[in-house]
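A short worksheet on the structure shown next.
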Amino acid sequence: MIRDTSGSATAIGLALLLGGLGTGCGRKDGTPAAAPVAVSRPAAKEVVFTDVTRAAGIEFVHTSGAFGRKYLPETMGAGLAFLDYDGDGRQDLFFVNGAEWPEKRRKAATQALYRNRGDGTFEDVTRRAGLAVEMYGIGVAVADFDNDGHVDLAVNSIGGKLILLRSTGGTGHWLEVKLPRFAPGAVVTVTLPDGRRLVQEVHAGSSYLSSEDPRLHFGLGPATRVSKLTVSYPNGKVTRMAGVPADRIVSAS
Ligand SMILES: [Ca+2]
Ligand SMILES: [Ca+2]
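Take the sequence shown: its position 139, counting from 1, is numbered 152 in the numbering used here, and each next residue is one higher.
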């Protein structure tokens, strides 16, 4: 029997298969089977995470307002959304923020938007995007509610109303992909003419009492069409389209 360095059953089975399905088996012409070859796998590489939050330019700190007695919203955190608000083909970050409770107001806290620079770093564009909004936010849904190709935000709150933040849009081209049915887990990949691939997945929920637009929004930057559009469904079905023009809502099969 052949055993790899880790001794796993899978490796043993593979070795047997490579060795001709058993010691002593011969070929049909009567010559002996080739000698089994030892199988070895590279040692598993340790995966290590490094905190690059500050190095990436993100300094957002969530405000829960906690003091004195503990209230449930203080324990819940808040929503975070990936969206390409400026349509340049790079996903940006929107952080929902809480607030101080009225009885003990120590500092101002607003929602926050960080623009993806494309080099692994982000810049805080909250104020110039008009998102320095103070509220006890908790959940966020990203959706193009008015179908103009620019993604908008709906933020719900504790003790207040839901607010709808309509975007005037960026300078990039865009494409929104509508699937024939609500299909959480479906993955849509668009390939740009320069070869870049943008990938998004349909989600069934995003944060507290919130769910994203089931249509997937892609910022395309200067590209006026996508070369390929592929939809991969959880059941294994794959559909493809080619040469799809930008700046429209496209129905994919
Ligand atoms: Ca962007
Ligand atoms: Ca819109």
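C-beta atoms are modelled at their ideal positions from N, C-alpha and C, and glycine is treated no differently.
If you count every other CB in all the chains shown that lies within 10 Å of the CB of residue i, and 16 or more means buried, which is it?
i: Leu34; result: Note that Leu34 has pLDDT 32, beneath the 50 cutoff, so the model's placement of it is unreliable and no number is given.
i: Gly37; result: Residue placement at Gly37 is flagged as unreliable, the pLDDT there being 34, under the threshold of 50; the coordinate-derived value follows with that caveat. Its Cβ having fewer than 16 others within 10 Å, Gly37 is exposed.
i: Ser268; result: This structure gives no information on residue 268, because the portion of the chain shown stretches from 14 to 266.
i: Arg40; result: Because Arg40 carries a pLDDT of 46, less than 50, the predicted location of this residue cannot be relied on, and the following value inherits that uncertainty. Exposed, because fewer than 16 other Cβ atoms sit within 10 Å of the Cβ of Arg40.
i: Thr139; result: buried
i: Thr76; result: buried
i: Leu177; result: exposed
i: Leu185; result: According to the sequence provided, residue 185 is Gly. The question's Leu does not apply to it. Buried: at least 16 other Cβ atoms inside 10 Å.
i: Arg128; result: buried
i: Gly131; result: exposed
i: Asp64; result: exposed
Determine the contact status of residue i and residue j, defining contact as a CB-CB distance below 8 angstroms.
i: Ser224; j: Leu93; result: no
i: Gly150; j: Val109; result: yes
i: Tyr246; j: Ala199; result: yes
i: Val153; j: Phe107; result: yes
i: Val215; j: Leu233; result: no
i: Leu257; j: Val239; result: The sequence given here has Val at residue 257, not Leu. Contact flag set, yes.
i: Val155; j: Gln124; result: no
i: Gly111; j: Ala142; result: no
i: Thr252; j: Val244; result: yes
List the endpoints of the continuous beta strand (DSSP E) containing residue i.
i: Arg210; result: 210-214
i: Asn129; result: 125-129
i: Pro258; result: 251-258
i: Asn169; result: 165-170
i: Leu229; result: 229-234
i: His186; result: 186-191
i: Asp105; result: 105-108
i: Thr243; result: 238-245
i: Glu136; result: 135-137
i: Ile151; result: 150-156
i: Thr202; result: 200-204
i: Leu222; result: Run containing Leu222: none; DSSP gives neither H nor E here.
i: Phe95; result: 93-96
i: Val263; result: 261-264
i: Leu178; result: 176-178
Using a Cβ-Cβ cut-off of 8 angstroms, state whether residue i counts as contacting chain B.
i: Gly70; result: Among the chains of the structure shown, chain B does not appear; only one protein chain is present.
Practice task
With ligand 2 as the reference, list in chain order each residue whose Cβ lies under 5 angstroms from any of its heavy atoms.
Solution key: Asp157, Asp159, Asp161, His163, Asp165
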